[in-house]
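Position one of the sequence shown corresponds to residue 1 (UniProt numbering), numbered consecutively onward.
Each residue gets a CB set at the ideal place from its N, CA and C atoms; glycine is no exception.
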Amino acid sequence: MSELASHGKYNEVIGREDEIRRNSAVLIGEPGVGKTAVVEGLAQRIATSQVPDSLKGIMYNLDLGALFAGAGKGEYEERVKGVIDDVARSQQTEHPAILFIDEIHLITAGKSSGGSNSGMDAANLLKPALARGEFRCVGATTLAEYREHIEKDGALERRFAPVIVNEPTTEEATHILRGSRERYERHHRVWIKDESIPTAVTLAHKYLTARRLPDSAIDLMDEACASARVAQTMQPEAVDTLKQQMSYLTTYITGLERDSDPQDDGALQQAKRSLADKQGTLKRLEEHQESILKWWKDIAGLQDAISSTKRKVELTKSRSEKSQLENELKRLRNEFSKRRSKEPDYKGSTVDIRLSRSLPHIITSESIAAIVERSTKIPVQRLLASEKAKLMGLEIALSDQVKGQPEAVAAVSHAIKLSRTGLRNSDQPIASLLFTGPSGTRKTLLSQALAQELFGSRNDMVRIDGSEYSESHSVSRLIGAPPGYVGYDQGGQLTEYVRRKPYCIVLLDEIEKTCPEFATLFLQVLSEGRLTDGKGRLVDFRNCVIIMTSNIGADLLANKQGTGKPSEELRIEVMKRFARQFPPEFLNRIDDIVMFRGIPEDVIQQILDKQLDQLKQREGLRNLYLQIQPDAKRWLAKEGVSAQYGARLLARVIQKQLLNHLSQALLSESVQDGDTVFVRVNGDGSGLAVDFAGPRR
């Protein structure tokens with residue numbers, strides 16, 4: 001490791017000074033937080049003599065896999081004893097050895113008898129040498145493995161000083177990525193713009209919550225660079241599209257010339273002009289592409305020269321030669337900055353801009369967001385959109401989709417804004433809301449609209465039906481069965497979804513039908529934003545919106561409220577019913593109880609118009625002209641809404657009064673493509689009548 005560090009094979013270690021200074025340490029932390037980087041930083045300091053004399057030496061990486069591989073009975077102990085003796089002997093030389101043991105918990109697993117656990121493990125062989133100070137080493141493991149394997153062995157635990165390596169902050173992770181940028185630019189032959197670095201950290205921290213910084217952000221950057229490197233060998237999309245269009249036009253012109261129809265002369269001339277225009281555009285694009293690639297080739301050559309000169313500076317011991325090399329390095333870097341700032345201008349036309357975007361030598365914020373989009377399915381534009389702009393327009397966007405519930409929309413918007421502006425406890429979900437009101441008042445629709453606006457898709461929602469959890473034993477399905485029970489290996493219905501899609505709406509439908517244990521389970525989710533599944537894994541709910549729906553008090557809201565805002569007396573009466581159903585510690589953890597009112601007549605008409613517009617887009621009606629008379633619309637609005645079912649009855653009435661007639665007509669072929677369908681109220685006003693007319697002229 002010391003040799004690799006002296007040759008610059010490790011990235012510069014940033015922000016881990018305290019951990020590097022600890023002695024005889026075992027580094028403990030979650031995967032990806034930078035445990036190995038701390039050891040690499042120590043190796044760099046040893047290689048550059050930035051450590052006390054007592055630490056000077058050579059650092060080695062002990063490969064436990066090589067120790068285990070092919071070891072027969074007694075061979076494993078021999079190999080471990082040989083390593084201990086070599087390290088002990090090195091302590092008497094000018095270059096004493098320091099070992100780094102990654103996954104150090106593996107030394108507690110006996111491997112003597114052909115892989116069985118019946119023999120002596122490496123830990124028992126190491127303890128005497130560690131106690132005498134003859135064996136200097138640094139280990140790394142996760143907290144769970146440390147607790148399971150090392151803490152249990154008190155004699156081994158006291159030989160090491162545990163050092164907790166925490167996840168760096170976003171600011172520290174940004175500094176780490178900036179320190180690694182040059183290496184990735186050189187390796188992938190790309191230009192990483194500075195704007196992309198904080199974007200990578202922010203998006204990794206926000207959307208890749210199952211992993212830790214800086215590893216998640218570094219992987220994002222690395223994958224974006226790798227994708228760019230691969231794309232450099234491919235033809236730009238703008239050029240490829242033009243060539244396809246030219247191929248189509250050439251085939252079209254050949255067909256027209258072969259037919260020799262005088263009526264096609266105009267179309268032929270127009271096609272030839274279009275082909276000539278595209279040929280000119282293609283030539284200009286190819287010339288422009290060539291100039292950009294030549295510019296980038298010069299940049300890459302300077303990158304190589306800088307890397308080579310930097311290596312010479314690190315290896316040379318002559319002061320005069322080092323001074324000359326440093327001056328040359330400074331000159332190359334100035335030339336590199338000057339060349340890179342003179343990127344060829346491609347803002348002459350829309351096509352040129354498309355070409356520039358398809359040349360992947362530059363890593364921008366869009367490049368990073370495109371990688372995140374692959375795993376989260378959230379569109380790039382939504383990932384990069386201003387959080388402030390999205391929040392400011394949230395209430396308007398929800399109101400456009402959910403008509404007639406201004407109080408409910410406002411309550412939901414305020415709860416989301418409170419969380420996103422940092423004025424709410426960050427250890428809780430984004431919001432926890434309880435929707436109550438009569439059936440058909442658009443409670444589920446508001447949940448879907450919120451998923452669309454916050455996370456980019458209405459499908460980013462897991463729905464838990466309360467009626468399926470009325471028995472206490474069924475609650476285990478949410479988090480997975482405990483060890484030893486059937487279904488332990490399958491995971492939980494709720495926890496598995498949130499683990500894989502941490503940004504989502506959790507919809508608990510008809511929560512009043514659940515058993516008391518259901519509410520008890522969710523106490524931890526609502527207060528601390530986390531839940532432990534059946535396998536002991538911690539599932540993060542801090543990026544979820546918890547929405548519960550209930551029909552408690554629906555009769556009061558339907559009978560007394562009408563379409564007005566709920567009165568304070570009515571709200572108190574509904575809350576009393578909730579208090580009888582749920583424990584106070586559960587209700588106190590809910591941000592807001594949102595009461596949905598009845599739907600006003602003008603909103604019913606808007607809902608009807610929207611459903612009829614959607615109806616016209618169905619495959620069976622696309623070639624028909626649907627004309628619904630005003631009296632028919634009024635009849636549908638009146639019959640399709642009730643105090644008991646809200647607007648949910650509307651779709652049923654449309655199907656019964658309209659779609660059944662149309663399906664019969666289509667099957668009997670009494671209506672043809674292009675015909676007009678007239679819908680009116682029948683003579684006695686008891687239903688709708690459907691008439692058909694020939695094609696419109």
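Item: Cα separation between L143 and A122?; Value: 20 Å
Item: On a Cα-Cα basis, can you pick out the residue from N660, Q664 and I604 that is closest to G640?; Value: I604
Item: Tell me whether F596 sits in a helix, a strand or coil according to DSSP, three-state version.; Value: coil
Item: Just mark M392 as buried or exposed, buried being the case when its beta carbon has 16 or more other beta carbons within 10 Å.; Value: exposed
Item: Start and end of the alpha helix (DSSP H) containing I464?; Value: I464 -> not in any alpha helix (DSSP H); beta strand (DSSP E) instead, spanning M461 to D465.
Item: Between R374 and K390, what straight-line distance do the alpha-carbon atoms span, to the nearest angstrom?; Value: 22 Å
Item: What residue ranges within the UniProt domain "Clp ATPase C-terminal" (599-690) form continuous alpha helix (DSSP H) runs of no fewer than 4 residues, ordered along the chain?; Value: 601-616, 630-639, 649-654 and 660-667
Item: Do V545 and Y497 count as a contact pair if the criterion is CB distance below 8 Å?; Value: no
Item: Per DSSP, what kind of secondary structure is A431 in: helix, strand or coil?; Value: strand
Item: Does S196 come out as helix, strand or coil in the three-state DSSP assignment?; Value: helix
Item: When the Cα atoms are used, what is the spatial distance from T309 to K330?; Value: 10 Å
Item: If you run the structure through DSSP and keep just helix, strand and coil, what is C137?; Value: strand
Item: Is the separation between the beta-carbon of I253 and that of L275 shorter than 8 Å?; Value: yes
Item: Is it true that the stretch 491-510 meets the stretch 450-465, where meeting means three or more beta-carbon pairs spaced less than 8 Å apart?; Value: yes
Item: Suppose contacts are defined by Cβ-Cβ distances below 8 Å. Is E517 in contact with S472 by that definition?; Value: yes
Item: By Cβ distance below 6 Å, which residues in the same chain neighbour A689 in space, the five residues on each side in sequence not counted?; Value: R680 and N682
Item: Hey, how far is the Cα of Q244 from the Cα of A271?; Value: 14 Å
Item: Touching or not, the stretch 317-331 and the stretch 49-69, by the rule of three or more beta carbon pairs under 8 Å?; Value: no
Item: Determine the direct distance from the alpha carbon of E223 to that of E287, and round the result to whole angstroms.; Value: 30 Å
Item: Out of Q611, A397 and M548, which has the shortest C-alpha to C-alpha gap to F582?; Value: M548
Item: What three-state label does DSSP hand D153 in the structure shown?; Value: coil
Item: Got a sec? Which residues, its chain only, sit under 6 Å from R181 by beta carbon, not counting five neighbours each side?; Value: I192
Item: Counting only the same chain and skipping the five closest in sequence on each side, list residues whose C-beta sits under 8 Å from that of D86.; Value: A97
Item: Roughly how many whole angstroms lie between the Cα atoms of I299 and F336?; Value: 7 Å
Item: What is the residue span of the alpha helix (DSSP H) that Y184 lies within?; Value: T170 to H188
Item: Which full runs of the alpha helix (DSSP H) of 4+ residues lie inside the stretch 207-251, going along the chain?; Value: 215-231
Item: Whose C-beta lies closer than 6 Å to the C-beta of A693 among residues of the same chain, with five residues either side of it excluded?; Value: T676
Item: Alpha carbon to alpha carbon, what distance is there between I58 and Y92?; Value: Strictly speaking, residue 92 in this sequence is Gln, with Tyr absent from that position. One C-alpha to the other measures close to 13 Å.
Item: Between the alpha carbons of A267 and T421, how many angstroms are there, rounded?; Value: 59 Å
Item: Classify N543 as helix, strand or coil using the three-state DSSP reduction.; Value: coil
Item: Determine which residues share a DSSP beta bridge with A97 and list them.; Value: I58
Item: Can you tell me the Cα-Cα spacing of L256 and R284, whole angstroms?; Value: 28 Å
Item: Determine, for A37, whether the minimum Cβ-Cβ distance to residues of chain C falls below 8 Å.; Value: No chain C is part of this structure, which consists of one protein chain only.
Item: Look at the alpha carbon of D691 and the alpha carbon of G685, and state the distance between them as a whole number of angstroms.; Value: 16 Å
Item: Taking 7 Å as the limit between beta carbons, can you name the residues of its chain near S419, skipping five residues before and five after?; Value: I430 and A431
Item: What is the C-beta distance between G529 and D540, in whole angstroms, given that I count them as a contact (C-beta under 8 Å)?; Value: 7 Å
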